[in-house]
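One structure is given below, encoded as structure tokens.
Residue numbers (my numbering), protein chains in the order written: chain A, 20 to 242; chain B, 296 to 940.
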């Protein structure tokens, strides 16, 4: 990746700072892209382990205790959480896509990001509050155990997504030039980092939305 | 996580940045080690108080007689306080306020920088080096305690429970902390230099990965004060669920170390992929860097499973879920699967960095191009991939579906093929070479010899009928000590003797290094070779009484183990003498005559590594081929490290 950046093949005419800056700008952009994808991959391993625990205990059904009658998380928790994460992810994904193509006003992007951050925050809080009102004892069955164990992890991911979006929102508010598509801001390292972070967040919120679908199917749809 | 980045020279939009304020504070208000200790104590007290408050009305807690909430939240609170005191939380909070602090150019050269949350990858490398040697020596002391107990089959130094605690501490310290023994010091220090980068991709994450290790180490050791953990380093359920509070220390410590692994591995992977200098194509990447890349990937993808496993186990112990309790819909086999899904890749997390050092150093000391560069890379990638498909061989005698056994046996035996690639390529590099028997080279040769024994004995253990007999015996114990201590640690020492001159400008004393090698090599084999026989004669692991007929062999092993300890003392003396007490005169810039890019920098390297990012023009192992230097810094300024031939 780094060997293709501008200036790499003909370093002579460039002074050291310009030469280093050009290479590092490309590296920063790539680091956000790779880092966010790798973070999604390692998070996927985390949730895959949780899904493995679910299906393993479901398949074993030890002592016929996989799931006892009436064990079902409240729809007043699971459906709003699903809606909020999907809506938040869709909103941020779409407006960031427009931003990257220069097809949106910066104020519109700010509003969309703020709303998406709030949606993820609400989803995380609702999920955590919902954990205190499950209506079943944590160790009463394999199902109850996996639910009580996995859902707080999911809630933490929702809050993590909210944090990431909030940092973008706050940064864009503080330094509006990061949203500018005009020179000289366009090629600044600051803007590169901001957009890299936004692209990374885009992948992450989509991942969290997919996880919300997964946990909804596991705990509220499958019996 | 990916938001944690700051590059040099960032335009901060004219906003005042807090780091400059931090520098003007009095020392006791600055983040650093003193603040971290205070933070840890305060965090521990708050966590314990919260845990006590949560647990006091919980009937299950009262019935068990011990409050795992208090212990767990105490440890977690202490860790958060520790990190806050180090300054790890300052940046995330600033990000919430919209700041993007620039990475400071750390030109400070004082000793104090080694006790801070630094963004210089070289300082982190040195921090890791000292810490890993310390953890290793403490783990070694536990091993000597174990061997002391086994001097006699019937006369005991420790009660049985205490013996198990000591075995568990030794095993967990070594298997948990040593995962970063090469990636931590050498990976963090040298990967950016080797690929021509001025920095790591995420320097704050790198610092976080290090500062989690002291927390994990102290939490693990503290387990001894609250009853230890009888379930050993593998933490098997249901014993782990029934154990007293020391088990919480094991779970929190292993979880913290797993997070450290994830963060450290993640950073290495992103750095290698994105921060390579122009011209550093995939086929020019040094083999050590390749090994770091694959190891980083394994850490990133396997350790999350361990994090979840530790978390699930803690949930069983605190919130009273029943994930590992068969009476209430759980299963202890769930732990075995989750643990070993991490645990077997972990073996290669330990092995691959050692292979990388061997592959990196052999061309330097044979003055030949690396034999089969692409084969070695394929071998490393192959080992990494296959390592995710073999974990169930640890369950051969635990009730695994018998139809699955041949499949897992096959995948396990298959992994010897890519391992063989690497080993045979090493032999190919040695073939008809002008070998320089320097101290690093001695450790490489010793490590290859030891690993061969460890690897071949592993093939036996991958075989179901043999494993059914040898499982849980000293044969298995000897096997993995041959691969990990005999291979990994020998390669670690090779790397240490080789790269320390670059890190410190000081060369370890050659004569003492040779004494260290020969005593370690002889007494290592004298310790662990008889253990194969002891295992075959039926002595199980983790049992402190054994047949009288095995006493002579056990005494031999114990005395040899003490002599390994003496060998380590020689190393410690050499290390301190050569670096602190009586350092020798300054070295030439490139004492080994290496072509590696890391030797193009000053010694020790400057804060930003390279004044100008180099352009790589040839491979790192073109010894004796007439190729020019590996990199140029500008067209008219061809630069070649001293002593290269």
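Even glycine gets a Cβ: it sits at the ideal position worked out from N, Cα and C. Since the structure is predicted, the reported quantities are computational estimates derived from the model, not experimental observations.
Output the boundary residues of the alpha helix (DSSP H) element that contains residue i.
i: residue 905 of chain B; result: Looking at the DSSP string, residue 905 of chain B is not in any alpha helix (DSSP H), and its letter there is neither H nor E.
i: residue 125 of chain A; result: 125-150
i: residue 731 of chain B; result: Looking at the DSSP string, residue 731 of chain B is not in any alpha helix (DSSP H), and its letter there is neither H nor E.
i: residue 36 of chain A; result: 35-79
i: residue 465 of chain B; result: 455-467
i: residue 417 of chain B; result: 416-444
i: residue 760 of chain B; result: 759-765
i: residue 245 of chain B; result: This structure cannot speak to residue 245 of chain B, because chain B is shown only from 296 to 940.
i: residue 205 of chain A; result: Element bounds for residue 205 of chain A: n/a, residue is neither H nor E.
i: residue 339 of chain B; result: 328-350
i: residue 122 of chain A; result: Counting along the chain, residue 122 of chain A falls outside any alpha helix (DSSP H), and DSSP gives it neither H nor E.
i: residue 263 of chain B; result: Since the displayed chain B opens at 296 and closes at 940, residue 263 of chain B lies outside it and no answer follows.
i: residue 859 of chain B; result: 846-871
i: residue 775 of chain B; result: 769-778
i: residue 413 of chain B; result: First-last for residue 413 of chain B: undefined, no H or E at that position.
i: residue 542 of chain B; result: 541-569
i: residue 477 of chain B; result: That residue, residue 477 of chain B, is in no alpha helix (DSSP H); it is neither H nor E in DSSP.
Which residues in chain A have a C-beta closer than 7 Å to the C-beta of residue i? List them in chain order.
i: residue 390 of chain B; result: 186
i: residue 941 of chain B; result: Residue 941 of chain B lies beyond the residue range present for chain B, which begins at 296 and ends at 940; the question has no answer from this structure.
i: residue 729 of chain B; result: Per Cβ cutoff of 7 Å: no residues; residue 729 of chain B is ~33 Å from chain A at best.
Looking at the structure shown, is residue i part of a helix, part of a strand, or coil, going by DSSP?
i: residue 92 of chain A; result: coil
i: residue 238 of chain A; result: helix
i: residue 664 of chain B; result: coil
i: residue 614 of chain B; result: coil
i: residue 383 of chain B; result: coil
i: residue 194 of chain A; result: coil
i: residue 707 of chain B; result: helix
i: residue 9 of chain A; result: Any question about residue 9 of chain A goes unanswered here, given that chain A covers just 20 to 242.
i: residue 835 of chain B; result: strand
i: residue 926 of chain B; result: strand
i: residue 584 of chain B; result: helix
i: residue 243 of chain A; result: This structure cannot settle anything about residue 243 of chain A, because the visible part of chain A is limited to 20 through 242.
i: residue 600 of chain B; result: helix
i: residue 920 of chain B; result: coil
i: residue 874 of chain B; result: helix
i: residue 911 of chain B; result: strand
i: residue 31 of chain A; result: With a pLDDT of only 44 at residue 31 of chain A, under the threshold of 50, the placement of this residue in the model should not be trusted; the figure read from the coordinates follows. Of the three classes helix, strand and coil, the one that applies to residue 31 of chain A here is coil, per DSSP.
Out of the options, state which residue places its alpha-carbon closest to the alpha-carbon of residue i.
i: residue 551 of chain B; options: B:734, B:813, B:792, B:377; result: B:377
i: residue 447 of chain B; options: B:893, B:838, B:417; result: B:838
i: residue 772 of chain B; options: B:484, B:806, B:788, B:830; result: B:830
i: residue 486 of chain B; options: B:585, B:753, B:357; result: B:585
i: residue 811 of chain B; options: B:738, B:460, B:340, B:491; result: B:738
i: residue 818 of chain B; options: B:569, B:845, B:657, B:863; result: B:863
i: residue 755 of chain B; options: B:770, B:745, B:743; result: B:770
i: residue 767 of chain B; options: B:826, B:806, B:746, B:798; result: B:826
i: residue 927 of chain B; options: B:691, B:909, B:538; result: B:909
i: residue 618 of chain B; options: A:220, A:165, A:230; result: A:165
What does residue i reach in chain B if we use C-beta pairs closer than 8 Å?
i: residue 46 of chain A; result: 492, 496, 569, 570
i: residue 16 of chain A; result: Residue coverage of chain A in this structure runs from 20 to 242, which leaves residue 16 of chain A outside it and unanswerable.
Return yes when the C-beta of residue i is under 7 Å from any heavy atom of the ligand FAD, and no when it is not.
i: residue 789 of chain B; result: Annotation note on the ligand FAD: not contained in the displayed structure, which lists no ligands.
Give me the chain A residues within the contact set of residue i, using Cβ-Cβ distance strictly less than 9 Å, ordered along the chain.
i: residue 623 of chain B; result: 81, 82, 84, 158, 159, 160, 161, 163, 164
i: residue 393 of chain B; result: 186, 188, 189, 190, 191, 192, 193, 194
i: residue 896 of chain B; result: Within chain A, no residue comes near residue 896 of chain B; the closest Cβ sits about 15 Å away, beyond 9 Å.
What in chain B is Cβ-close to residue i, meaning under 7 Å?
i: residue 53 of chain A; result: 565, 568, 569
i: residue 107 of chain A; result: By Cβ distance, chain B contributes nothing, its closest Cβ being about 17 Å from residue 107 of chain A, past 7 Å.
i: residue 65 of chain A; result: 599, 602, 603
i: residue 120 of chain A; result: None at all; the shortest Cβ gap to chain B is about 22 Å.
So which residues on chain A does residue i lean against when the C-beta distance must stay under 8 Å?
i: residue 632 of chain B; result: 71, 75
i: residue 363 of chain B; result: Within chain A, no residue comes near residue 363 of chain B; the closest Cβ sits about 14 Å away, beyond 8 Å.
i: residue 596 of chain B; result: 60, 61, 64
Would you mind telling me which residues of chain B sit closer than 9 Å to residue i, beta carbon to beta carbon, in chain order?
i: residue 168 of chain A; result: 603, 606, 607, 610, 611, 614, 616, 618
Inset, instruction - Inspect the CB distances between the stretch 228-241 of chain A and the stretch 84-99 of chain A and report whether three or more fall short of 8 Å. - result: Three or more Cβ pairs drawn from the stretch 228-241 of chain A and the stretch 84-99 of chain A lie within less than 8 Å of each other, which places the two stretches in contact.
Inset, instruction - Could you tell me whether the stretch 459-472 of chain B touches the stretch 505-524 of chain B, using the rule of 3 or more Cβ pairs below 8 Å? - result: yes
Inset, instruction - Tell me, please, whether the stretch 775-793 of chain B touches the stretch 469-480 of chain B by the rule of three or more beta-carbon pairs shorter than 8 Å. - result: yes
Inset, instruction - Could you say if the stretch 882-891 of chain B and the stretch 832-849 of chain B meet the contact criterion of at least three C-beta pairs nearer than 8 Å? - result: no
Legend entry - Touch test, the stretch 787-796 of chain B against the stretch 480-499 of chain B, Cβ-Cβ under 8 Å, three pairs minimum: yes
Inset, instruction - Report yes or no: do the stretch 72-88 of chain A and the stretch 201-211 of chain A share at least 3 C-beta pairs separated by less than 8 Å? - result: no
Legend entry - Meets three-Cβ-pair contact criterion under 8 Å: the stretch 78-96 of chain A and the stretch 186-197 of chain A: no
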